[in-house]
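Enquirer: Handing you this structure, nothing more for now.
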């Protein structure tokens, strides 16, 4: 299964609508980085509203995606983080202190625009 990545102006929007397995997570990482490179996107919103729980591998991939996107010049905003996901990330030592968050996709777009000086 592939996670759809939508382009809106200079931003990429991703809404993860299902629990993801390791293979899907790796493919998502590859697809997102390729899309940033191809489109020159300067911002990414990853909506996790539908994700109730993540395991250690998916948590690591998520942290890596944020870092890799930043290295490629794209700022990431995470939206819709559920309590169990937040606890898992912290328990695993994946501290995303410098990553802006928002309650939902709409607020995430506003936050991204603010982060990028718009």
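Numbering (the working numbering), first residue to last: 545 to 662. Ideal placement from N, C-alpha and C gives every residue a C-beta, glycine not left out. Since the model is a prediction, treat every value here as computed from it, not as a measurement.
#1: Using a Cβ-Cβ cut-off of 6 Å (strictly less than) and excluding sequence neighbours within five positions of residue 557, which residues of its own chain qualify?
#2: Do you know how far the Cα of residue 642 is from the Cα of residue 598?
#3: Could you check the C-alpha separation between residue 608 and residue 555 for me, to the nearest Å?
#4: Distance check for residue 595 and residue 545, CA to CA, integer angstroms please.
#5: Does the distance from the CB of residue 640 to the CB of residue 592 come in under 8 Å?
#6: In the DSSP assignment, what are the bridge partners of residue 550?
#7: What separation, rounded to the nearest whole angstrom, lies between the Cα atoms of residue 646 and residue 619?
Expert: Let me lay it out:
#1: 550 and 589
#2: 21 Å
#3: 19 Å
#4: 15 Å
#5: no
#6: 557
#7: 14 Å
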